[in-house]
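Data first, discussion second: the structure below is written as structure tokens.
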Amino acid sequence: MRALVVAVARAVPSWWVADVLVPFAVTRAVFAAIGYMAFRLPVDPALATTGDRFLDMWSRWDGQWYLAIARDGYSYVPGQFSSVAFAPLLPILMRVVAWPAHDGTAALVAAGIGIANVSLLVAATLLVLLFRDEVGQAVAGRASRYLMLFPTSFFLSAVYPESLFLALAIGSFLAARRGRWWLAGALAALATLTRPYGLVVVAALALEYAWQHRWRIREFGVEMLSFALAPAAYAGWLLYLWRSFGDPLAGMHAESVWQRGLAPPWQAFVNFFTPPRGAFIDLAFALLFIALAVFAWRTLRAPYALYTTLTLLIILCTGQLYSLMRLGLELFPAFAVLAIAGRTRLLDRAYSNAALLIGGAFMAFFASALFFFA
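For the sequence shown, my numbering assigns the number 9 to the initial residue and increments by one for each residue that follows.
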């Protein structure tokens, strides 16, 4: 046994332990402890879906929708809150993982939590591998740590699709950087079934492809067809909605009930300041991610900056700022920008301490469900 442990220890890179495993273990333990203690606050009994405090605290708000889809399938009632607003890959995986347990709701929630945390480990690992050749191992490792320290990173361990999307999107970029275009396209397709704006990954991959081929069109090959996989996956999702509910745009129509609809990006700020005004924290995170997107063009390669900018614009074009503090987690190049700024020890310490402090408070709000926080 000792020999096996020594062999495993030697096989695991030291950077992975320092930049992925330890930050993961520490931040998840802190969030879990805070969330569990938050049950001392007056929690709505209706939110106790499994009767297990640990499971329930990771399945708040949108987590309930993904649970309902995994358990009961999709539903759509025009003009009402409907599950078709949520993409299918996470609930499909939850059902597959939970199937051997035959334990209903608790197994599905546990499966969602497991998928989220495994995806987070994969995403953090791929993030380091993607950026270490471009900004150095130290900065790439710091980007991984900053991602897991971010105030809303507890969503990456909850029954939410953010960590799954991150793993697929970053994996797609990494495959493209290594010239494995069919794998990149397949991962982008899966990302699109996790979040529809995974289609933005294709635009960034196309730029990466042109960049690698020095914009010489005559050198472009059949592997470009891999860029069609993501649009095809999204078309398949629309076909399912059409066949099941008679409306291929049912997902978009359902989102309008949450007051999200197609609008110019500045409309989100107009709506924020329109009474009743939104929470100031939403505006603060929006401005932060806008600043990081701008600096991405100055500090990172163009495909990463393009992905960050287009994804942020799509989020803003829903006409709302709320949830941007969570959705911004998917702007993974932004954490590389933060990590570059974190070369300064003062900024590094300030970010780490402030992020964990604010994140602890956010986790308490989320676990106790004292107000809408999703």
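The beta carbon of each residue, even a glycine, is placed where N, CA and C say it ideally should be.
What three-state label does DSSP hand Thr35 in the structure shown? The residue given as residue 35 occupies position 27 in the sequence shown. The answer is helix: DSSP assigns Thr35 an H, G or I state.
Option nearest Trp219 by Cα separation, candidates Asp60, Ala184, Gln88: To locate residue 219, count along the sequence shown from 1; it is residue 211. For the residues Asp60, Ala184, Gln88, the minimum Cα distance to Trp219 belongs to Ala184.
Measuring alpha carbon to alpha carbon, tell me which of Gly120, Thr326, Asp64, Phe293 ends up nearest Ala377. As a first step, residue 377 is located in the sequence shown; it is residue number 369 there, counting from the start. Minimum Cα distance to Ala377 is reached at Asp64.
Mapping the DSSP letters down to three states, classify Leu195 as helix, strand or coil. As a first step, residue 195 must be located in the sequence shown, where it is residue number 187. The answer is helix: DSSP assigns Leu195 an H, G or I state.
Collapsed DSSP secondary structure at Ser90 in the structure displayed: As a position in the sequence shown, residue 90 is number 82, starting the count at 1. Reduced to three states, the DSSP call for Ser90 is coil.
Cβ shell of Leu237 (< 7 Å), same chain only, five flanking positions each side left out: Sequence index remark: in the sequence shown, residue 237 carries index 229 (1-based). Closer than 7 Å at Cβ, skipping near neighbours: Gly193, Ala194, Ala196, Ala197.
When the Cα of Gly149 is compared with those of Trp24, Met260, Leu318, which residue comes out closest? Residue mapping note: residue 149 aligns to position 141 of the sequence shown, counting from 1. It is Trp24.
Assign Ala369 to one of two classes, buried (16 or more other C-beta atoms within 10 Å of its C-beta) or exposed (fewer than that). In the sequence shown, residue 369 corresponds to position 361, counting from 1. Exposed, since its Cβ has fewer than 16 Cβ neighbours within 10 Å.
Could you give the DSSP three-state label for Phe253: helix, strand or coil? Along the sequence shown, one-based indexing puts residue 253 at 245. Here Phe253 sits in helix by DSSP.
Could you check if Arg334 is buried or exposed, using at least 16 other CB atoms within 10 Å of its CB as the buried criterion? What you label residue 334 is simply residue 326 of the sequence shown in a count that begins at 1. It is buried - the Cβ of Arg334 has at least 16 other Cβ atoms within 10 Å.
Using only the alpha-carbon positions, how far apart do Trp189 and Thr113 sit? Translated into positions along the sequence shown, residue 189 becomes position 181. Translated into positions along the sequence shown, residue 113 becomes position 105. So the alpha carbons of these two residues sit roughly 38 Å apart.
Taking the alpha carbon of Val210 as the reference point, which residue from Gly187, Trp107, Tyr315 has its own alpha carbon closest? The residue given as residue 210 occupies position 202 in the sequence shown. The candidate whose alpha carbon is nearest that of Val210 is Tyr315.
Can you grab the Cα-Cα spacing for the pair Trp250 / Ile323, in whole Å? As a working mapping, residue 250 is identified with position 242 in the sequence shown. As a working mapping, residue 323 is identified with position 315 in the sequence shown. So the two alpha carbons sit approximately 24 Å from each other.
Is the beta carbon of Ser67 less than 8 Å from the beta carbon of Ala146? Reading the sequence shown from its first residue, position 59 is the one you call residue 67. Reading the sequence shown from its first residue, position 138 is the one you call residue 146. Going by C-beta atoms, Ser67 is not nearer than 8 Å to Ala146.
Mark Ala223 as exposed unless 16 or more other C-beta atoms lie within 10 angstroms of its C-beta, in which case mark it buried. Along the sequence shown, one-based indexing puts residue 223 at 215. Checking the sequence, you will find Trp at residue 223 rather than Ala. Exposed.
DSSP on Gly120, reduced to helix/strand/coil? Working through the sequence shown from its first residue, we reach residue 120 at position 112. DSSP places Gly120 in helix when its eight states are reduced to three.
Please classify Thr282 as buried or exposed, where buried requires at least 16 neighbouring CB atoms within 10 angstroms. Numbered from 1 along the sequence shown, position 274 holds the residue referred to as residue 282. It counts as exposed.
Given this structure, state the Cα-to-Cα distance separating Leu101 from Leu207, to the nearest angstrom. Position 93 of the sequence shown, counted from the start, is the residue given in the question as residue 101. Position 199 of the sequence shown, counted from the start, is the residue given in the question as residue 207. Their backbone Cα atoms lie some 20 Å apart in a straight line.
Comparing alpha-carbon positions, which option in Leu257, Phe373, Leu329 lies nearest Ser90? Taking the first residue of the sequence shown as position 1, residue 90 is located at position 82. Nearest option by C-alpha distance: Leu257.
Check whether the region 164 to 182 and the region 265 to 279 are in contact - that is, three or more C-beta pairs closer than 8 Å. no
Residue closest to Glu263, alpha-carbon to alpha-carbon, out of Ala342, Leu191, Gly327: Reading the sequence shown from its first residue, position 255 is the one you call residue 263. The residue with the shortest Cα to Cα distance from Glu263 is Gly327.
Rounded separation between Ala46 and Tyr248 - CA only: Counting from 1 along the sequence shown, the entry for residue 46 is found at position 38. Counting from 1 along the sequence shown, the entry for residue 248 is found at position 240. If you take the alpha carbons of Ala46 and Tyr248, they lie about 40 Å apart.
The alpha helix (DSSP H) with Trp73 in it runs from where to where? Locating residue 73 in the sequence shown gives position 65, where the first residue counts as 1. 70 to 80 is the extent of the alpha helix (DSSP H) around Trp73.
With 16 as the cutoff for other CB atoms within 10 Å, does Ala362 come out buried or exposed? The sequence position of residue 362 within the sequence shown is 354, counting from 1. Exposed, by the Cβ-count rule.
Do Ala106 and Leu116 come within 8 Å of each other at the CB atom, strictly closer than that value? As a position in the sequence shown, residue 116 is number 108, starting the count at 1. As a position in the sequence shown, residue 106 is number 98, starting the count at 1. Yes, Cβ-Cβ distance for Leu116 and Ala106 is below 8 Å.
Can you tell me the Cα-Cα spacing of Ala40 and Phe62, whole angstroms? In the sequence shown, residue 40 corresponds to position 32, counting from 1. In the sequence shown, residue 62 corresponds to position 54, counting from 1. The alpha-carbon atoms of Ala40 and Phe62 are separated by roughly 8 Å.
Using DSSP with H/G/I as helix, E/B as strand and the rest coil, what is Ala221? Here the question's residue 221 lines up with position 213 in the sequence shown. Rather than Ala, the amino acid found at residue 221 in this sequence is His. Here His221 sits in coil by DSSP.
Measure the C-alpha to C-alpha separation of Leu75 and Glu227 and round it to an integer number of angstroms. As a working mapping, residue 75 is identified with position 67 in the sequence shown. As a working mapping, residue 227 is identified with position 219 in the sequence shown. Rounded to the nearest angstrom, the two C-alpha atoms are 47 Å apart.
Considering only C-alpha positions, which residue in the set Ala19, Gly179, Trp305, Phe280 is nearest to Thr133? For the purposes of this step, residue 133 is identified with residue 125 of the sequence shown, where counting begins at 1. If we check each option's Cα against that of Thr133, Gly179 comes out closest.
Proximity winner among Leu318, Gly59, Thr200, Trp73, relative to Leu176 (alpha-carbon distances): Working through the sequence shown from its first residue, we reach residue 176 at position 168. Of the listed residues, the one whose Cα sits closest to Leu176 is Thr200.
Just confirm the distance between the C-beta atoms of Leu339 and Phe303, as a whole number of angstroms; I'd bet it's less than 8 Å. Locating residue 339 in the sequence shown gives position 331, where the first residue counts as 1. Locating residue 303 in the sequence shown gives position 295, where the first residue counts as 1. That pair is no contact at about 12 Å.
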